[in-house]
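Visitor: Quick note: to get this note's numbering, add 2 to the position in the sequence shown (first position is 1). Idealized CB from N, CA, C, for every residue including glycine. All values reported here derive from a predicted model rather than from experimental measurement. If you scroll down you'll find the structure; I have some questions about it.
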Amino acid sequence: MAQNRILDDVARLFTDAAGMAQGVRREAEGVVKAQFERMIRDMDVVTREEFEAVREMAIMARDENERLAARIAALEARLGGAASGDAAAEL
Numbered sequence: 003m004a005q006n007r008i009l010d011d012v013a014r015l016f017t018d019a020a021g022m023a024q025g026v027r028r029e030a031e032g033v034v035k036a037q038f039e040r041m042i043r044d045m046d047v048v049t050r051e052e053f054e055a056v057r058e059m060a061i062m063a064r065d066e067n068e069r070l071a072a073r074i075a076a077l078e079a080r081l082g083g084a085a086s087g088d089a090a091a092e093l
């Protein structure tokens with residue numbers, strides 16, 4: 003009987019220690035998370051939403067740039083054809 007009581011006490015002790023370890027772990031995680039969030043705020047990094055908005059604007063600007071480059075090339079081709087036609091007419 004006494005041996006069972008000792009084993010029960012040891013088991014309870016280990017259970018309590020495991021519970022305390024879990025509490026300490028949660029506390030440490032909370033402190034680390036708070037410090038990390040403060041550090042990120044101090045670094046002035048952008049949020050995911052801000053990054054995605056700027057990324058979308060860059061994609062739209064690149065598409066517009068490509069569209070305008072094609073339009074310029076077409077206009078230059080028309081002007082080049084007209085200029086060579088004018089030169090032939092002058093001869």
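Is there a C-beta anywhere in chain D that falls below 7 angstroms from the one on residue 19?
Guide: Within the model displayed, chain D is absent; a lone protein chain is all it includes.
Visitor: Could you give the DSSP three-state label for residue 33: helix, strand or coil?
Guide: Residue numbering aside, residue 33 sits at position 31 when the sequence shown is read from its first letter. Residue state, collapsed to three classes: helix.
Visitor: How big is the Cα-Cα spacing for residue 44 and residue 34?
Guide: Along the sequence shown, one-based indexing puts residue 44 at 42. Along the sequence shown, one-based indexing puts residue 34 at 32. Using only the alpha carbons, I get a separation of about 15 angstroms.
Visitor: Is DSSP giving residue 46 helix, strand or coil here?
Guide: Here residue 46 refers to the residue found at position 44 of the sequence shown. Residue 46 falls in the coil class under three-state DSSP.
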